[in-house]
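Asks:
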Amino acid sequence: MPKCRLCGKSGLFFRVNDDGLCSNCANKQRTPVSKPIRSVKQEVAKQDKELSRLLKAEEAYDNDNDIQQLISVYEDVFITQKSTLNSQSRWFSLVDLYLKAGQNDKAWAWLNQLSVQHPDYMSKIEDKRYRILNKEGRFLDAMLSLMASIGYAEGNAVPLAYYQTYGKDKFLKSAPALIKKLKWPTTDLDSLEAMLSSSIGKTQFKYSTLRDKYKKFVESKDA
């Protein structure tokens, strides 16, 4: 399975170039001609220092189990210092740390920030939202986030191709549990799948289309 050597992201339809980089990392590796070499070196040195801080904090956590201290280091690096460190695994590690510490509001706020800064990771962002909402018992919203996480597709996959070969099966396996919690008839699974499928174009997933259709579907149940 293809895997980016820099950010570690991988997937069934994930693509990397000859240097082993995904398109996102490859673009970030390109240095504008006008940018001074010294500035580039300073940025790289800064990122190395930040990564070292995170690694040391993670090692300390393994010994003392002080999750708040680990969270504080992550927050300082990514939120206060606004690090440009390109490590999606650690971006989402902060989400998991917040959840483990019972700080769901902070996890949600960080996901919102990631959605603005890194919209190419919306599939994983929506998957995290789905898991939070499901855990909190907000099943109506959880269903929408579940569908969105599949609609956006993973990695650099083409949404429609991803859905037809992998996403549809994933939805049909995950949705029934939510349908049961919502006390909807099992026949709604086909309606929801059709709703999701119709929101996915050949090259683009249309979240607004899915959201509007889902809103009408929910409203029809309250009528």
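The working numbering applies: residue 1 is where the sequence shown begins, and numbers increase by one.
We put the CB at the ideal spot given by N, CA and C, even for glycine.
These numbers come from a predicted model, not from an experiment.
What residues are listed by DSSP as bridge partners for Phe205?
Replies: Stepping through the sequence shown from its first residue, residue 205 is reached at position 205. Answer is Ile200, bridged to Phe205.
Asks: Just to confirm my understanding: we take Thr203, look at its own chain, exclude 5 residues before and 5 after, and list those with CB closer than 8 Å. What are they?
Replies: Against the sequence shown, residue 203 aligns to sequence position 203. The answer, listed in chain order, is Val158, Pro159 and Leu160.
Asks: So, helix, strand or coil for Thr186, using DSSP?
Replies: As a position in the sequence shown, residue 186 is number 186, starting the count at 1. Correct three-state label for Thr186: coil.
Asks: At what residues does the alpha helix (DSSP H) containing Pro159 begin and finish?
Replies: Locating residue 159 in the sequence shown gives position 159, where the first residue counts as 1. Where Pro159 is concerned, the enclosing alpha helix (DSSP H) stretches over Pro159 to Tyr162.
Asks: With distances taken from CA atoms, which of Ser115, Lys168, Asn86 and Asp66 is nearest Asp48?
Replies: Here residue 48 corresponds to residue number 48 of the sequence shown, with the count starting at 1. Among Ser115, Lys168, Asn86 and Asp66, the Cα nearest to that of Asp48 belongs to Asn86.
Asks: Excluding five sequence neighbours on each side, which residues of the same chain lie with their C-beta closer than 8 Å to the C-beta of Lys213?
Replies: What you label residue 213 is simply residue 213 of the sequence shown in a count that begins at 1. Within the same chain, Lys213 has close Cβ partners Met195, Ser198 and Ser199.
Asks: Determine, using beta carbons only, whether Asn104 and Glu126 come nearer to each other than 8 Å.
Replies: As a position in the sequence shown, residue 104 is number 104, starting the count at 1. As a position in the sequence shown, residue 126 is number 126, starting the count at 1. No, these two residues do not count as a Cβ contact at 8 Å.
Asks: Considering just the uninterrupted stretch of the alpha helix (DSSP H) at Val95, what are its terminal residues?
Replies: Reading the sequence shown from its first residue, position 95 is the one you call residue 95. Val95 -> alpha helix (DSSP H) spans Gln88 to Lys100.
Asks: Starting from Leu114, trace the alpha helix (DSSP H) both ways and give me its first and last residue.
Replies: By 1-based counting over the sequence shown, the position of residue 114 is 114. Looking at the DSSP string, the run of the alpha helix (DSSP H) that includes Leu114 is Asn104 to Gln117.
Asks: On the criterion of 16 or more Cβ atoms from any shown chain inside 10 Å, does Gly167 qualify as buried, or is it exposed?
Replies: For this step, residue 167 is matched to residue 167 along the sequence shown. The residue in question, Gly167, is buried, as its Cβ has 16 or more Cβ neighbours within 10 Å.
Asks: Can you check which of these residues, Met143, Ala107 and Asp76, is closest to Glu50 by C-alpha distance?
Replies: Along the sequence shown, read from residue 1 onward, the residue named residue 50 stands at position 50. Cα-wise, what sits closest to Glu50 is Asp76.
Asks: Compare the C-alpha of Ser220 against each of Gly201, Tyr207, Asp188 and Glu193 and name the closest.
Replies: Numbered from its first residue, the sequence shown carries residue 220 at position 220. Among Gly201, Tyr207, Asp188 and Glu193, the Cα nearest to that of Ser220 is on Asp188.
Asks: Can you grab the Cα-Cα spacing for the pair Leu55 / Thr186, in whole Å?
Replies: Mapped onto the sequence shown, residue 55 falls at position 55. Mapped onto the sequence shown, residue 186 falls at position 186. Taking the straight line joining both Cα atoms gives about 47 Å.
Asks: Return the residue from the list Arg131, Arg138, Ile150 and Arg53 that minimises the CA-CA distance to Tyr230.
Replies: As displayed, the chain neither begins before 1 nor continues past 223, which places residue 230 out of reach and without an answer.
Asks: Mind reading off the beta-carbon distance from Met147 to Leu210? Whole number of angstroms is fine, and I expect it under 8 Å.
Replies: By 1-based counting over the sequence shown, the position of residue 147 is 147. By 1-based counting over the sequence shown, the position of residue 210 is 210. At roughly 6 Å, the Cβ-Cβ gap stays under 8 Å, so Met147 and Leu210 are in contact.
Asks: To the nearest angstrom, how far is it from the Cα of Leu114 to the Cα of Asn24?
Replies: Translated into the one-based positions of the sequence shown, residue 114 becomes position 114. Translated into the one-based positions of the sequence shown, residue 24 becomes position 24. Distance between the alpha carbons of Leu114 and Asn24 is about 15 Å.
Asks: Check whether the Cβ of Cys22 lies closer than 7 Å to any heavy atom of the ligand NAD, and answer yes or no.
Replies: Annotation note on the ligand NAD: not contained in the displayed structure, which lists no ligands.
Asks: Ends of the alpha helix (DSSP H) at Ser83?
Replies: Residue numbering aside, residue 83 sits at position 83 when the sequence shown is read from its first letter. No alpha helix (DSSP H) holds Ser83; DSSP gives it neither H nor E.
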